[in-house]
Amino acid sequence: MRWKRPETARRAYIRLLSERAGIQESAAPEDRDSALYSELIDAGYLRGVPFRDAAKGGMTTGVTVTEITLKGRLFLQQLKSEERRQSFLGRLKKVGLLIGGYLLGNFQPGANGLGKSTASLEAMTGLTRRCSRPLPGLLFRFQFARTFFISSPARCQAQRLSLLSLDLMTLPRTFAIVLIALSSFARAADDAAILDGPNYSFSIRAPEGWHMTSTRQLQAAFYPADKTFESTPVIMYVRSTDKAQLHVNNIEELNKFDLRGIQEHHPNAESKKVGSARLSDGKEIPIYSFSGGGYFERVAYAEQSKTITVFVASAEKKDDLKSSEKAFRELVASYLFISDNVTTPNHP
C-alpha cells in the first residue's frame, strides 16, 4: 500500500505557497516550489548548496538542497521552552494550517477549519526532509527512522535527498533588531537540520569545522571539514531510540542495552559514566564511554518522554576520540527537542 498525502493537507500547502510567493494556482507544483525557494534564498532565510553524497566519495549529485541560515536557527532557539513551543503550535492550529502540523510532526489540529490568513505566524524557519527506507543500523544494531518530503513516493525515490522549507511570514520587530545585533558575530548555520521520525522531532547543527551528511544507515552523521566521510578517523552521529520498542525506561537501561549488543560480538567490551554535557536549554545529560569493542566511543543520552536521543563519537584510536571532545560537546549543545507528538505513514 502506497502512502498518499491527505487532500486537505495538500490544499493547505498549495495555498500557503500561493499566498507567500504570489504564485498562481494554475502553476505546476514544481514551479511553485522553485519560486518559493528562490524567494526565501534571496531574503536570506535559506541558502542553496549542491548535495554531496557520502556514498559516492563526497561527489556532487546535481541535486541542490536548502540549508537553514542564521535567521532560521535563531527562530528555533526561541522554541527552547515548552510554553513557546505550545504557543507556536497554537498559532498553527488557529489558522488551520494542517500542513504545518504535518511538517512538524502530525500534531493533529483536529476540527479547526482552514484559515485564510497567515499573518499571525510571526517567524520563519526552514525544515529539511530526507527520503529513505528504514534499514538496520550498523552501530548498536538499531533501525534508523525514515523521514519524509512532501511529495509523491515516486519523486522521493527519484531524489535521494529533498528538502522542504515552510515560510512563517515576517520576523517580529524586536527579533529583527536582535538578529541585526547578532549577525556580525554568529556564523551561518551551514550544516543545520530538523530530524524527525516516530515520536520525535529535533533540530541539530554541525560543530564549527565539521560537516553534516546523511547515509542509508545514519540520519545525521558528522565528520571534520578537512576530511572525507570515508577517510575520517573519527565520526559523530545522532540517533533517536523509542523506549517502548526497546523495552527500556530510562538512560541507564538503554546504556546497558547498548553494551549487551556490543558484547555479543566483543565479550570484553565495557562502558562507564565519564561526565556530563549541557544541552541548549541548560539541562545536563550523562556521557558514557565505550571501549573493548573495536572502537573507542563517547556517548551522551538525552531522555524525552517517549524517546532517548543518542549522541555518539566513534574512533578507532583513543587519541582521535579525545581530539573530538570539544566538537562533541558543541554538537550536544546545539540539540533542541521540538516535539514527541510525531507520527509517520506506514510504507510497504
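Just so you know, we're using the numbering used here here: the sequence shown kicks off at 1 and counts up by one. We put the beta carbon where it would ideally sit given N, CA and C, even for glycine. Source: prediction; values computed, not measured.
Assignment of V248 by DSSP, reduced to helix, strand and coil, places it in the coil class.
If you ignore the 5 residues before and after K273, its C-beta comes within less than 6 Å of the C-beta of P286 and Y288, all in its own chain and listed in chain order. DSSP links L321 through a beta bridge to no other residue.
With the rule of 3 Cβ pairs closer than 8 Å, the stretch 316–331 counts as touching the stretch 229–241.
Boundaries of the beta strand (DSSP E) around F296: F296 to E303. With a contact defined as Cβ atoms closer than 8 Å, E330 and E208 qualify at about 7 Å.
Distances from the CA of S214 to each of D226, A302 and I194 were compared; the closest alpha carbon is that of I194. A direct Cα-Cα distance of roughly 7 Å separates A302 from V310.
Burial check for E297: the Cβ neighbour count within 10 Å reaches 16 or more, so the residue is buried. Counting only the Cα atoms, S339 lies some 20 Å from A300.
Between L336 and S276 a beta carbon distance of about 18 Å is seen, past the 8 Å cut, so the two are scored as non-contacting. When the five nearest sequence neighbours on each side are left out, the beta carbons in the same chain lying within less than 7 Å of the beta carbon of D242 are those of P198, N199, K306 and T307, in order along the chain. If you keep only unbroken beta strand (DSSP E) runs of at least 3 residues inside the stretch 227–277, you get 234–242. From the listed residues G293, R278 and E284, the smallest Cα separation to K317 is found for G293.
Under the 10 Å beta carbon count, S231 is surrounded by fewer than 16 other beta carbons and is classified as exposed.
Annotated three-state conformation of A315 is strand, per DSSP. The beta carbon of S334 lies closer than 7 Å to those of I204, R205 and S280 in the same chain, with the five residues before and after it left out.
Of the other Cβ atoms in all chains shown, 16 or more fall within 10 Å of the Cβ of P224; this residue is therefore buried. In the DSSP assignment, the residues bridged to V310 are R239 and Y301. DSSP places R216 in no beta strand (DSSP E); its state is neither H nor E. Distance between D258 and R278, taken at the CA atoms: about 22 Å. In its chain, beyond the 5 residues on either side, G292, G293 and G294 have a beta carbon closer than 8 Å to the beta carbon of H266. The shortest C-alpha to C-alpha distance from K283 to any of V332, N341 and F229 is the one to V332. Out of S240, A244, W210 and Q245, the CA that lies nearest to the CA of F229 is found in W210.
Where D196 is concerned, the enclosing beta strand (DSSP E) starts and stops at A192 to G197. One Cα belongs to V248, the other to Q304, and the distance between them is close to 12 Å. When DSSP states are grouped into helix, strand and coil, L279 belongs to the coil group. A straight line joining the alpha-carbon of A315 with that of N341 spans about 34 Å. Taking a C-beta distance under 8 Å as the contact criterion, Q219 and R239 qualify as a contact pair. Taken through DSSP and simplified to helix, strand or coil, E284 comes out as strand.
Under DSSP, S334 takes part in no beta bridge, so it has no partner.
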